[in-house]
Amino acid sequence: MMKNITGTFLLTLLTLSSFGLAYYQLTERTIESDYSLKFSTRSTDGTFSGLDGAVIFSPADLENAKIDVKLDAATIETGSKKKNEHVNSPDWLDTKKYPEIRFTSTKFQKQGDAFIVDGSMMLHGVTKTVQVPFNYSE
Numbered sequence: 664m665m666k667n668i669t670g671t672f673l674l675t676l677l678t679l680s681s682f683g684l685a686y687y688q689l690t691e692r693t694i695e696s697d698y699s700l701k702f703s704t705r706s707t708d709g710t711f712s713g714l715d716g717a718v719i720f721s722p723a724d725l726e727n728a729k730i731d732v733k734l735d736a737a738t739i740e741t742g743s744k745k746k747n748e749h750v751n752s753p754d755w756l757d758t759k760k761y762p763e764i765r766f767t768s769t770k771f772q773k774q775g776d777a778f779i780v781d782g783s784m785m786l787h788g789v790t791k792t793v794q795v796p797f798n799y800s801e
């Protein structure tokens, strides 16, 4: 589950840089981060709307690139009230106990025509180091 959320979440954020902005302040009105969750044998798509943070990215200046964003985990929207309740429950995100999902980048690198961002992802009270490949185009 974390890989799907992480990859899509970060790719969505980095897409903002394609507007030619070196610095972009994110708010919940700015973007909805798409995700895909797998329930047993079926998956469901939806959005998070409680996004806050900043993205600083220029392919010419990876040394100073940075992502620091957080999601209000309870803003998850699956299109189904029952699924929303289940995903917010202790079985999944346990949003009452762990209300925030956060990603903070530590390093950007170019790999061929693509990029890789390393960082810390905190989800469900656990922080893990993740590495996410992404493409960038202007």
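Using our numbering, the letters of the sequence shown map in sequence onto residues 664 to 801. Every residue gets a Cβ at the ideal spot worked out from N, C-alpha and C, and that includes glycine. Keep in mind that this is a model prediction, so the values were computed, not measured.
Along the chain, where does the alpha helix (DSSP H) containing residue i start, and where does it finish?
i	result
E748	K744 to N751
Which stretch, first to last residue, makes up the beta strand (DSSP E) that contains residue i?
i	result
D715	L714 to I719
D632	Not covered by the structure: residue 632. The range shown for the chain is 664 to 801.
Keeping to the same chain, check which residues put their C-beta closer than 6 Å to that of residue i; ignore five residues upstream and five downstream.
i	result
N798	A777
K729	I719 and S768
For residue i, which residues in the same chain have their Cβ closer than 8 Å to its Cβ, ignoring the five residues on either side in sequence?
i	result
K760	P753 and G788
T790	S783 and M784
Bridge partners for residue i per DSSP, in chain order?
i	result
D781	K770 and Q794
Exposed or buried, what is residue i when buried is set at 16 or more other beta-carbons lying within 10 Å of its beta-carbon?
i	result
A723	exposed
G742	exposed
G775	exposed
T758	buried
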